[in-house]
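All remarks here apply to the structure that follows.
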Amino acid sequence: MMTTLIHQSAAELLGLLNAGQATSAELTRAYLARIDAVDGKVRAFLRVDPSAALARAEEIDARRKSDKPLGRLAGLPVAVKDLLCTTGEPTTCASRMLENFRPPYDATVVQRLKAADAVLIGRTNMDEFAMGGSNENSAFFPTRNPWDTTRIPGGSSGGAAACVAARMAPLSVGSDTGGSIRCPAALCGVSGLKPTYGRVSRYGLVAFASSLDQIGPLAGSAEDCALLLEVLAGHDPKDSTSVDRPVPDYSRTVTEPLKNLRIGWVREHFGEGLDAEVEKAVREAIRGYQSQGATVKELSLPHGKYAVATYYIIAPCEASSNLARYDGVHFGHRTDEKAMVAELEAQRKDLHQRGDQKALDDLDNALIRMYRRSRAEGFGPEVKRRIMLGTYALSAGYYDAYYKKALQVRRLIRRDFDEAFKEVDLIVGPVTPSPAYKIGEKIGNPLEMYLYDLYTVSTNLAGIAGMSIPCGLSSTGLPIGLHLQAPPFEEDRLLRGAAMFQQATDWHTRQPEI
Ligand code: GLN
């Protein structure tokens with residue numbers, strides 16, 4: 028029973044629950060047993076609270092029994108990335124800085140999941156503050172790719188993708204600032220969607236780069252992503268950037284194929300740096316669409332070549348501002364003040380004895396020192412790097428040359444997409460330049476890691492919708508992702524385009540042996 032249950036799609040599981048053929052408690056137990064069995068190897072979760080999950084499942088089962096109305100995801104386990112505030116539960120962002128943070132409120136998407144009667148099964152690992160593409164930046168431990176545990180699962184929603192790939196949850200929620208849903212979805216062989224900026228409320232999402240961040244679903248198929256997106260999406264007065272537009276019934280329309288589909292592929296995305304096997308799989312996928320009746324057009328996005336540079340100015344600038352609140356007073360880890368004061372006193376005494384008045388005058392006051400020590404201890408190296416990059420790019424004298432210029436280029440990138448979408452319905456290409464690399468392989472070279480985001484960051488800069496779906500396996504058995512991009516608020520088109528591919532292929536049904 029257990030293996031059969033956990034390998035089913037979320038839609039199938041909902042069917043079983045609604046038909047009374049399975050209970051939420053059975054389902055939750057099956058997933059908890061799976062987590063017990065494989066998460067020691069994958070380490071997708073930062074925290075799982077089995078008794079709370081089971082209690083919740085039983086409560087939903089009881090409500091079902093007494094014929095009370097139930098929510099859209101009633102009884103279905105859902106994993107949540109550890110940057111979504113959940114009342115009273117640690118929300119760490121995989122950072123020492125927030126190790127002890129327990130928010131006093133729920134993020135809107137958490138509230139929506141609870142209202143939909145989902146069973147929140149655990150909190151997934153990520154790169155610290157969502158900064159990274161490999162999960163190696165988690166302050167706690169790296170998540171491993173279920174297809175090959177010596178490799179990265181991608182990031183920053185690495186735990187979110189890995190837990191779906193290893194069937195430890197049927198649905199999971201991630202966030203994407205420059206590729207963080209799509210990159211791990213591609214590398215772990217699952218489906219993941221980054222909605223249009225404004226489609227999903229960011230209220231209660233710990234901010235990385237506020238003009239780029241979006242929350243979205245990861246699941247085993249486009250159909251399951253549709254189901255989860257339907258619950259996550261919608262206007263929220265608590266997030267002024269969330270857009271007041273009706274949410275289509277994604278899960279109803281997802282299986283309707285797109286007629287007269289026009290596909291575009293971007294010339295610049297098939298050049299230098301793209302792994303030959305990834306290129307082959309993506310080209311094969313494009314041919315697949317063609318044989319389903321789509322027309323295919325070659326496109327150019329001329330400003331795409333500036334996307335990585337633009338992103339790595341704008342994202343760190345916003346991060347440096349967003350992360351200023353973690354000072355040990357308003358938020359976050361505070362240094363051991365006794366040790367700090369003792370150190371300060373010892374220094375003062377020493378300087379006094381030596382008669383070094385200048386150094387004494389320059390000595391930090393206790394408050395400044397406390398900020399410094401708290402931030403030095405609380406943030407990991409990549410987060411510090413981004414804060415420094417952003418602070419530098421925003422400083423007087425550099426602002427115009429970097430930040431303002433980046434905003435101008437961002438407009439041009441968006442305009443390229445607007446032009447392209449006059450001619451095609453979906454833009455298709457690779458998600459990542461290669462399949463998953465080895466843990467440790469690139470960590471010493473930040474620039475190389477940044478370049479890995481080459482195909483995904485422009486989606487966020489333009490604020491449009493993007494998705495990754497599995498489209499092949501490398502000769503070494505590693506998943507390859509297909510990138511689909513659609514104009515703003517065309518998630519429905521994206522999901523239908525993805526489902527169309529999944530109706531004709533079985534890549535999304537492949538599961539790692541773990
Ligand atoms: N890999 C990108 C980065 O490091 C994207 C991260 C994200 O989308 N959160 O910033």
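So for the sequence shown, the numbering used here puts the first residue at 28; every next one is plus one. From the three backbone atoms N, C-alpha and C, an ideal C-beta is built for every residue, glycine too. Computed from a predicted model, the values in this text were never measured in an experiment.
It is roughly 10 Å from the alpha-carbon of lysine 221 to the alpha-carbon of glycine 205.
Contact between the segment 90–100 and the segment 115–130 is absent, with fewer than three C-beta pairs closer than 8 Å. Close CB contacts of valine 270 within its chain, under the 7 Å cut and outside five residues either way in sequence, are with Gly225, Arg226 and His262 (chain order).
For cysteine 210, the enclosing alpha helix (DSSP H) has its first and last residue at 209–215. Distance between proline 460 and isoleucine 496, taken at the CA atoms: about 15 Å. Cβ neighbours of arginine 399 within its own chain (closer than 8 Å, five residues either side excluded): Asp391.
The DSSP-derived three-state label of aspartate 175 is strand. Residues of the same chain with a CB within less than 8 Å of the CB of aspartate 480, apart from the 5 flanking positions on each side, are Gly160, Gly205, Gly206, Cys210, Val335 and Tyr338 in chain order. Here the C-alpha atom of isoleucine 466 lies approximately 11 Å from the C-alpha atom of phenylalanine 168.
The Cβ atoms of alanine 249 and leucine 522 lie closer than 8 Å to each other. Of the other Cβ atoms in all chains shown, 16 or more fall within 10 Å of the Cβ of proline 180; this residue is therefore buried. Secondary structure at arginine 314: helix, using DSSP grouped into helix, strand and coil. Alanine 423: not part of any alpha helix (DSSP H); DSSP gives it neither H nor E. Cβ contact annotation for methionine 527 (same chain, cutoff 8 Å, sequence separation greater than five): Pro284, Leu285, Leu288, Tyr316 and Gln319, in chain order. With respect to leucine 259, leucine 198 sits apart: the two C-beta atoms are not nearer than 8 Å.
The residues Ile33, Arg194 and Met195, in chain order, have a CB closer than 7 Å to that of arginine 61 in the same chain once the five nearest residues on each side in sequence are set aside. Less than 8 Å separates the beta-carbon of serine 237 from that of glutamate 345.
For lysine 108, the enclosing beta strand (DSSP E) covers residues 104–108. A direct Cα-to-Cα measurement between glutamine 435 and alanine 531 gives close to 41 Å. Residue pairing by DSSP places threonine 151 opposite Phe72 and Lys108 in a beta bridge.
Under the three-state reduction of DSSP, tyrosine 338 is assigned to helix.
Alanine 246 sits away from cysteine 215, with the two beta carbons spaced by 8 Å or more. Look at glycine 300: its beta carbon is at least 7 Å from all of the heavy atoms in ligand 1.
Looking at the DSSP output, glutamine 241 shares a beta bridge with Asp203. Under the criterion of beta carbons closer than 8 Å, alanine 192 and proline 173 qualify as touching, at roughly 5 Å. Between leucine 232 and proline 244, the C-beta spacing is not below 8 Å. By the C-beta density criterion, histidine 535 is buried, having at least 16 other C-beta atoms within 10 angstroms. For alanine 157, the CB falls within less than 7 Å of some heavy atom of ligand 1.
Taken in chain order, the complete alpha helix (DSSP H) segments of 4 or more residues contained in the segment 267–336 are 277–280 and 303–318. Taken in chain order, the complete beta strand (DSSP E) segments of 3 residues or longer contained in the segment 406–487 are 453–457. By DSSP's assignment, tyrosine 58 forms no beta bridge with any residue. Taking the CA atoms as reference points, glycine 504 sits about 23 Å from histidine 296.
Pairing tyrosine 430 with leucine 416 gives a Cβ-Cβ distance that is not under 8 Å. Approximately 6 Å separates the beta-carbon atoms of proline 130 and threonine 114; this is inside 8 Å, confirming the contact.
Measuring C-alpha to C-alpha distances from valine 69 to each of Val451, Tyr482, Leu147 and Ala187 identifies Ala187 as the nearest.
DSSP, read as helix, strand or coil, puts valine 146 in strand.
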